[in-house]
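Chemist:
Number of protein chains: 4
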Amino acid sequence: MTSKIEKPKSAKTRSRSSIGAVRSPQSTEAILDAAAAILEEHGYKAFTMDALVERAGSSKPTIYRWWRSKGALLRDVYERTALTFVTAPDTGDLERDLIVHLRSLWSWWRSSSAGETLRSLITEIQHDSTAIDEFREAFLPRRERTLRKIFARAVDSGQITEGAAVEVAVSMLTGMSWLHLVTANLENLDDIDKAVSVIVNGLKPR
Amino acid sequence: MTSKIEKPKSAKTRSRSSIGAVRSPQSTEAILDAAAAILEEHGYKAFTMDALVERAGSSKPTIYRWWRSKGALLRDVYERTALTFVTAPDTGDLERDLIVHLRSLWSWWRSSSAGETLRSLITEIQHDSTAIDEFREAFLPRRERTLRKIFARAVDSGQITEGAAVEVAVSMLTGMSWLHLVTANLENLDDIDKAVSVIVNGLKPR
Amino acid sequence: MTSKIEKPKSAKTRSRSSIGAVRSPQSTEAILDAAAAILEEHGYKAFTMDALVERAGSSKPTIYRWWRSKGALLRDVYERTALTFVTAPDTGDLERDLIVHLRSLWSWWRSSSAGETLRSLITEIQHDSTAIDEFREAFLPRRERTLRKIFARAVDSGQITEGAAVEVAVSMLTGMSWLHLVTANLENLDDIDKAVSVIVNGLKPR
Amino acid sequence: MTSKIEKPKSAKTRSRSSIGAVRSPQSTEAILDAAAAILEEHGYKAFTMDALVERAGSSKPTIYRWWRSKGALLRDVYERTALTFVTAPDTGDLERDLIVHLRSLWSWWRSSSAGETLRSLITEIQHDSTAIDEFREAFLPRRERTLRKIFARAVDSGQITEGAAVEVAVSMLTGMSWLHLVTANLENLDDIDKAVSVIVNGLKPR
DNA sequence: TATTAACCGAGACGGTACGTCACGTCTTATT
DNA sequence: AATAAGACGTGACGTACCGTCTCGGTTAATA
Numbered sequence: 003m004t005s006k007i008e009k010p011k012s013a014k015t016r017s018r019s020s021i022g023a024v025r026s027p028q029s030t031e032a033i034l035d036a037a038a039a040i041l042e043e044h045g046y047k048a049f050t051m052d053a054l055v056e057r058a059g060s061s062k063p064t065i066y067r068w069w070r071s072k073g074a075l076l077r078d079v080y081e082r083t084a085l086t087f088v089t090a091p092d093t094g095d096l097e098r099d100l101i102v103h104l105r106s107l108w109s110w111w112r113s114s115s116a117g118e119t120l121r122s123l124i125t126e127i128q129h130d131s132t133a134i135d136e137f138r139e140a141f142l143p144r145r146e147r148t149l150r151k152i153f154a155r156a157v158d159s160g161q162i163t164e165g166a167a168v169e170v171a172v173s174m175l176t177g178m179s180w181l182h183l184v185t186a187n188l189e190n191l192d193d194i195d196k197a198v199s200v201i202v203n204g205l206k207p208r
Numbered sequence: 003m004t005s006k007i008e009k010p011k012s013a014k015t016r017s018r019s020s021i022g023a024v025r026s027p028q029s030t031e032a033i034l035d036a037a038a039a040i041l042e043e044h045g046y047k048a049f050t051m052d053a054l055v056e057r058a059g060s061s062k063p064t065i066y067r068w069w070r071s072k073g074a075l076l077r078d079v080y081e082r083t084a085l086t087f088v089t090a091p092d093t094g095d096l097e098r099d100l101i102v103h104l105r106s107l108w109s110w111w112r113s114s115s116a117g118e119t120l121r122s123l124i125t126e127i128q129h130d131s132t133a134i135d136e137f138r139e140a141f142l143p144r145r146e147r148t149l150r151k152i153f154a155r156a157v158d159s160g161q162i163t164e165g166a167a168v169e170v171a172v173s174m175l176t177g178m179s180w181l182h183l184v185t186a187n188l189e190n191l192d193d194i195d196k197a198v199s200v201i202v203n204g205l206k207p208r
Numbered sequence: 003m004t005s006k007i008e009k010p011k012s013a014k015t016r017s018r019s020s021i022g023a024v025r026s027p028q029s030t031e032a033i034l035d036a037a038a039a040i041l042e043e044h045g046y047k048a049f050t051m052d053a054l055v056e057r058a059g060s061s062k063p064t065i066y067r068w069w070r071s072k073g074a075l076l077r078d079v080y081e082r083t084a085l086t087f088v089t090a091p092d093t094g095d096l097e098r099d100l101i102v103h104l105r106s107l108w109s110w111w112r113s114s115s116a117g118e119t120l121r122s123l124i125t126e127i128q129h130d131s132t133a134i135d136e137f138r139e140a141f142l143p144r145r146e147r148t149l150r151k152i153f154a155r156a157v158d159s160g161q162i163t164e165g166a167a168v169e170v171a172v173s174m175l176t177g178m179s180w181l182h183l184v185t186a187n188l189e190n191l192d193d194i195d196k197a198v199s200v201i202v203n204g205l206k207p208r
Numbered sequence: 003m004t005s006k007i008e009k010p011k012s013a014k015t016r017s018r019s020s021i022g023a024v025r026s027p028q029s030t031e032a033i034l035d036a037a038a039a040i041l042e043e044h045g046y047k048a049f050t051m052d053a054l055v056e057r058a059g060s061s062k063p064t065i066y067r068w069w070r071s072k073g074a075l076l077r078d079v080y081e082r083t084a085l086t087f088v089t090a091p092d093t094g095d096l097e098r099d100l101i102v103h104l105r106s107l108w109s110w111w112r113s114s115s116a117g118e119t120l121r122s123l124i125t126e127i128q129h130d131s132t133a134i135d136e137f138r139e140a141f142l143p144r145r146e147r148t149l150r151k152i153f154a155r156a157v158d159s160g161q162i163t164e165g166a167a168v169e170v171a172v173s174m175l176t177g178m179s180w181l182h183l184v185t186a187n188l189e190n191l192d193d194i195d196k197a198v199s200v201i202v203n204g205l206k207p208r
């Protein structure tokens with residue numbers, strides 16, 4: 003799932019560059035690229051399988067052979083672009099690290115296809131309860147990993163005590179972020195600072 | 003939108019007791035009731051306009067005459083049932099009030115159609131950006147009102163200082179709740195206690 | 003069903019000029035006028051009961067109180083305008099009379115709402131077999147009356163023999179006219195002359 | 003559009019034996035068969051796209067992929083069954099040939115789905131002026147072809163003179179037939195004999 | 001003169017059918 | 001064996017128009 007590939011030509015001009023008995027990496031990349039592009043340019047509403055096929059120059063059977071559903075595809079789209087985003091600052095200051103990370107996250111959501119992709123993914127999984135389970139058990143923890151790492155370092159450095167309510171702190175920061183995402187309200191980055199301040203202050207013993 | 007009416011009979015036996023040049027309250031109630039019932043019994047997936055028409059003994063034109071979209075209808079369904087839920091405790095203790103309120107909320111979501119309705123509503127508005135705007139500006143503030151009221155009382159009684167970051171505290175508690183809602187994770191009510199503890203502690207000056 | 007009335011003002015400005023315990027002639031006329039106007043200006047496709055109500059400034063119950071169906075209304079629309087068209091020439095020459103009558107008829111169909119009205123009526127009755135029966139037994143004979151009269155005079159004057167196949171002659175001329183009407187093919191009036199020539203020639207004994 | 007295929011099994015038992023990147027002949031045939039069957043058994047009123055889909059075991063998108071409208075479908079239904087009806091007698095006698103052909107036609111209309119189909123088609127095209135044009139320019143000439151052929155043979159054999167008003171004769175016989183069709187008046191086959199007699203007599207020079 | 005009954009415009013209602021959209025499956029021909 | 005192409009059945013959508021019914025009001029004939 004590296005992104006070190008040449009951009010696929012537009013659907014119609016690109017010839018069948020790879021066919022045969024093994025999975026075509028070009029095709030896979032073309033599909034993921036097209037998905038991200040559609041989401042970024044036209045949003046979730048326009049992200050249909052037909053539009054995807056058209057833009058990727060692929061076909062529906064190919065897509066469904068490798069992804070069991072639209073949600074599974076969206077998950078991969080998000081995770082692939084997430085590889086390019088690893089803002090896990092380590093300044094030694096918990097509050098600062100959280101702020102930098104969350105501000106980067108919100109900005110990245112807004113400035114790329116990532117926000118639209120995650121928003122679409124959350125929407126999509128609501129149709130299927132097993133998808134929700136997989137999402138909660140596997141996808142969500144991966145999203146919260148950076149926050150957890152930051153808190154873990156703060157525990158190590160003694161900024162907060164071991165056993166503090168880190169889990170709910172992560173949940174509240176993630177929840178607030180997602181709430182702003184699904185309500186198209188990612189402008190006020192200053193809210194992040196205030197929230198982080200409350201959380202960090204709240205985790206410290208009195 | 004009072005709910006002090008007798009339940010409409012099942013779709014087929016209900017006769018046209020009062021329709022005409024004014025909006026029929028029976029029809030309105032039948033539609034909202036049917037919507038809530040479908041969501042509770044069969045979930046969002048089964049909540050189609052056709053199923054709603056069938057169960058309410060109504061018609062699609064009638065529904066679309068009064069609600070511009072499925073999202074608008076879901077909003078009314080939620081707000082109507084929300085009238086029956088007003089757990090705004092006032093014990094004089096901020097932490098206790100928040101815990102009681104949020105525990106009641108999560109329980110209510112799980113034990114009635116309300117959780118499924120809100121989950122569906124969040125999903126539905128993602129298809130339409132104007133719906134998201136209306137949701138963020140009007141619906142969401144109404145949902146956060148009780149939390150704000152609780153915090154306001156705490157300010158009045160001096161438990162927390164004026165000007166504290168109440169807004170982000172509300173946002174974090176709401177966000178965490180919704181995150182658990184959309185990931186089908188409303189079981190661990192103890193998380194509420196921990197979160198509230200962090201928030202209340204965090205709002206107090208050191 | 004006289005047309006000696008002032009034109010109704012446009013729907014919205016016309017006040018309730020006649021209401022009470024007897025049928026309102028103004029309302030009746032307004033409905034028939036509006037129907038003809040819609041058909042002439044926008045055609046059968048636009049001739050809906052809602053459009054009619056809007057244009058006539060009337061209401062659906064009023065229309066359905068006096069006409070059992072759209073077809074019945076169209077029949078009255080046609081018959082009312084037909085009162086203004088009675089080209090029954092009597093030159094003493096059968097062939098000439100037929101030509102003048104049919105040319106007038108085709109021209110009248112094209113230059114007024116009449117053609118569109120009849121076309122609509124034929125279409126409309128196809129939905130209801132009792133309407134077809136009434137149409138065949140009562141409406142159609144009234145339409146063929148002038149042709150029959152012309153033939154009857156020719157019999158009287160000895161141009162054709164009694165007992166000649168007048169009925170089928172009428173049927174063929176009517177059928178050809180309607181065929182051209184429903185296929186939007188009323189331009190070539192010269193076809194009339196040729197047809198009449200064949201018919202008149204064919205009715206004379208060899 | 004050959005009909006040399008085995009009848010498709012009933013909707014539910016028919017398996018998808020051959021679909022894919024090319025148009026499925028089974029599906030096409032099933033649709034046309036179902037259309038004819040509905041028209042024959044229940045008439046134009048019951049001929050809805052939903053009923054057709056149900057009976058053919060097909061789907062609306064498939065139907066609209068191949069036929070732009072109900073009228074276009076009805077045209078194909080009629081033309082397909084018309085392939086089974088080619089009564090173009092050649093006895094050497096114009097009058098006899100015309101009578102045999104028209105009697106066969108009226109009987110065929112009454113005893114099969116054909117009459118109802120044509121009646122429905124005439125009705126249907128009235129909703130769309132481009133459909134009328136196509137109907138007049140292409141469909142109608144095909145229907146009149148047999149009559150023209152009979153007249154052409156009569157010209158060749160010298161029964162009527164070249165340049166006689168064959169076109170209007172065809173138009174009158176077709177018009178009379180259609181007039182009887184749309185007024186549900188196909189019982190009196192003797193009218194055909196009289197009409198043909200007038201026409202044939204009328205075409206001969208005095 | 002007051003009452004009553006029929007009619008009026010307005011418009012909401014349940015119902016039927018429409019034509020479109022997107023989905024996920026399946027077949028075909030190609031490489 | 002994997003691919004692009006694309007037709008297929010399924011199911012839901014939102015709209016158009018129908019004919020019925022209720023509503024509040026007006027007027028003409030009746031009591």
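Protein chains in written order, with the numbering used here: chain X, 3 to 208; chain W, 3 to 208; chain B, 3 to 208; chain H, 3 to 208.
Heads up, the beta-carbon is just placed ideally off N, CA and C, and yes, glycines get one too.
Values in this document were obtained by computation on a predicted structure and should not be read as measured data.
Between H:Gln2 and chain B, is there a C-beta pair that is closer than 8 Å?
Modeler: Nothing in the structure corresponds to residue 2 of chain H, since chain H is present only between 3 and 208.
Chemist: Given a cut-off of 8 Å, decide if X:Leu34 and X:Arg82 are closer than it, judged by their beta-carbon atoms.
Modeler: yes
Chemist: Measuring only between beta-carbons, confirm whether H:Gln28 sits less than 8 Å from chain B.
Modeler: Answer no: the Cβ-Cβ gap between H:Gln28 and chain B never drops below 8 Å.
Chemist: Within its chain, find whatever has a CB closer than 8 Å to the CB of H:Arg16; leave out the 5 residues flanking it on each side and keep chain order.
Modeler: With a pLDDT of only 45 at H:Arg16, under the threshold of 50, the placement of this residue in the model should not be trusted; the figure read from the coordinates follows. Counting only Cβ-Cβ distances below 8 Å, and skipping sequence neighbours, we find Pro10, Gln28, Ala32, Gly59.
Chemist: Given a cut-off of 8 Å, decide if H:Glu118 and H:Glu42 are closer than it, judged by their beta-carbon atoms.
Modeler: Yes, the pair counts as a contact, with Cβ atoms nearer than the cut-off.
Chemist: Under 9 Å Cβ-Cβ, which residues of chain H neighbour B:Leu120?
Modeler: Here the premise fails: no neighbours, minimum Cβ distance about 11 Å.
Chemist: Can H:Thr176 and H:Leu205 be called in contact, C-beta distance under 8 Å?
Modeler: no
Chemist: Mark H:Lys72 as exposed unless 16 or more other C-beta atoms lie within 10 angstroms of its C-beta, in which case mark it buried.
Modeler: buried
Chemist: Would you tell me roughly how many angstroms separate the C-alpha atoms of B:Ser131 and H:Arg121, rounded to the nearest one?
Modeler: Taking the CA atoms as reference points, B:Ser131 sits about 12 Å from H:Arg121.
Chemist: Output the boundary residues of the alpha helix (DSSP H) element that contains B:Lys151.
Modeler: 142-158
Chemist: Around the C-beta of H:Thr163, are 16 or more other C-beta atoms found within 10 angstroms, so that it is buried, or is it exposed?
Modeler: When all chains shown are included, H:Thr163 counts as exposed.
Chemist: Could you give the distance in angstroms between the alpha-carbon of W:Lys151 and the alpha-carbon of W:Val170?
Modeler: 14 Å
Chemist: So which of W:Ile127, W:Asp95, W:Trp110, W:Arg98 has the shortest CA-CA distance to W:Ser179?
Modeler: Shortest Cα-Cα distance from W:Ser179 to any of W:Ile127, W:Asp95, W:Trp110, W:Arg98 involves W:Trp110.
Chemist: Put W:Trp2 into one of helix, strand or coil per three-state DSSP.
Modeler: Given that chain W is displayed from residue 3 to residue 208, the structure contains no residue 2 of chain W and the question cannot be resolved.
Chemist: Contact check, B:Ile65 vs B:Leu54 under 8 Å by CB: the rounded distance?
Modeler: 7 Å
Chemist: Leaving out five residues on either side along the sequence, give the residues of the same chain with a beta carbon under 6 Å from the beta carbon of B:Leu96.
Modeler: Ala156, Gln161, Val202
Chemist: Is X:Ala74 close to chain W, meaning its C-beta is less than 8 Å from at least one C-beta of that chain?
Modeler: no
Chemist: Here's a check: name, in chain order, each residue in its chain whose Cβ is nearer than 7 Å to the Cβ of W:His182, leaving out the five neighbours to either side.
Modeler: Leaving aside the five residues that flank W:His182 on each side, the residues in its chain whose CB is nearer than 7 Å to its CB run, in chain order, Leu188.
Chemist: Could you round the C-beta distance between X:Ser115 and X:Ala38 to whole angstroms and report it? I think they count as a contact, below 8 Å.
Modeler: 4 Å
Chemist: Using a C-beta cutoff of 8 Å, does X:Gly204 count as contacting chain W?
Modeler: yes
Chemist: If you draw a straight line from the C-alpha of H:Ala23 to the C-alpha of H:Ala186, how long is it?
Modeler: 44 Å
Chemist: When the cut-off is 8 Å and only beta carbons count, does W:Ala38 lie next to chain X?
Modeler: False, the Cβ-Cβ gap to chain X never drops below 8 Å.
Chemist: Quick check on DSSP: helix, strand or coil for X:Ile162?
Modeler: coil
Chemist: Note down the Cα distance separating H:Arg105 from H:Leu191, rounded to an integer number of angstroms.
Modeler: Whole-angstrom Cα-Cα distance: 6 Å.
Chemist: To the nearest angstrom, how far is the alpha carbon of W:Arg144 from that of W:Ala74?
Modeler: 15 Å
Chemist: Just the C-alpha distance for B:Ala133 and B:Arg25, rounded to the nearest angstrom, thanks.
Modeler: 25 Å
Chemist: Answer with yes or no whether the minimum CB distance from W:Ala102 to chain X is below 8 Å.
Modeler: Note on identity: in this sequence residue 102 of chain W is Val, with Ala being the wrong assignment. W:Val102 does not count as touching chain X.
Chemist: If the criterion is Cβ atoms closer than 8 Å, does the pair W:His101 and W:Ile40 meet it?
Modeler: Here the sequence assigns Ile to residue 101 of chain W, which means His is not the residue at that position. Result no, Cβ atoms of W:Ile101 and W:Ile40 do not sit closer than 8 Å.
Chemist: Taking the C-alpha atoms as reference points, what is the distance between W:Ser113 and W:Phe49?
Modeler: C-alpha separation (whole angstroms): 18 Å.
Chemist: Quick one: what's got a C-beta closer than 7 Å to H:Glu126's C-beta in the same chain, skipping five residues either side?
Modeler: Lys72, Gly73, Leu76
Chemist: Would you mind stating whether W:Pro91 and W:Asp99 have Cβ atoms separated by less than 8 Å?
Modeler: yes
Chemist: Is the distance from the Cβ of B:Met174 to the Cβ of H:Ala197 below 8 Å?
Modeler: yes
Chemist: Under the assumption that X:Glu47 contacts W:His129 (Cβ atoms under 8 Å), give the Cβ distance between them as a whole number of angstroms.
Modeler: Going by the sequence as given, residue 47 of chain X is Lys instead of Glu. About 6 Å separates the Cβ atoms of X:Lys47 and W:His129, confirming a contact at the 8 Å cut-off.
Chemist: Could you name the residues of chain X that W:Thr185 contacts, counting a contact when the two beta carbons are closer than 7 Å?
Modeler: Ile134, Phe137, Arg138, Leu142
Chemist: What three-state label does DSSP hand W:Asp192 in the structure shown?
Modeler: helix
Chemist: May I ask which residues mark the beginning and end of the alpha helix (DSSP H) holding B:Val24?
Modeler: Element bounds for B:Val24: n/a, residue is neither H nor E.
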